[in-house]
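> Handing you this structure, nothing more for now.
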């Protein structure tokens with residue numbers, strides 16, 4: 001078995017690190033299904049505005065989410081195929097369970 005080049009491994013580790021946080025994973029699960037405003041996203045993930053902003057900043061820096069501004073409202077979405085594939089794989093491994101189950 002041949003190991004991948006270090007830069008490829010670093011990319012994979014960075015992607016896994018980004019979704020390893022439970023709150024960022026919740027955010028990505030919501031964004032995988034729809035584009036949503038920050039205010040509405042706050043209600044779905046039960047985070048304060050500052051905590052949500054920190055997580056969204058990390059996801060933006062890692063280029064895992066995209067934004068769209070409409071007047072004063074910022075909308076977020078993800079169409080990153082790596083994220084969507086990982087979320088599908090996690091669902092297959094762990095099954096789809098309601099939050100708190």
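Numbering (our numbering), first residue to last: 1 to 101.
The beta carbon of each residue, even a glycine, is placed where N, CA and C say it ideally should be.
Because the structure is a prediction, the values reported are computed rather than measured.
#1: The beta strand (DSSP E) spanning residue 74 covers which residue range?
#2: Please classify residue 80 as buried or exposed, where buried requires at least 16 neighbouring CB atoms within 10 angstroms.
#3: Please work out which residues of its chain come closer than 8 Å, Cβ to Cβ, to residue 88, disregarding the five sequence neighbours upstream and downstream, and give them in chain order.
#4: I'd like to confirm the pairing. Which residues does DSSP put opposite residue 17 in its beta bridges?
#5: Whole angstroms are fine: how far does the CA of residue 30 sit from the CA of residue 44?
Checking against the coordinates, here is how it stands:
#1: One-based indexing of the chain shown puts residue 74 at position 74. Where residue 74 is concerned, the enclosing beta strand (DSSP E) stretches over 73–77.
#2: Here residue 80 corresponds to residue number 80 of the chain shown, with the count starting at 1. Its Cβ being crowded by 16 or more others within 10 Å, residue 80 is buried.
#3: Your numbering for residue 88 matches position 88 in the chain shown. No residues qualify anywhere along the chain.
#4: Along the chain shown, one-based indexing puts residue 17 at 17. Paired residue(s): none; residue 17 is not in a bridge.
#5: On the chain shown, position 44 is the one that residue 44 refers to. On the chain shown, position 30 is the one that residue 30 refers to. Roughly 8 Å between the two C-alpha positions.
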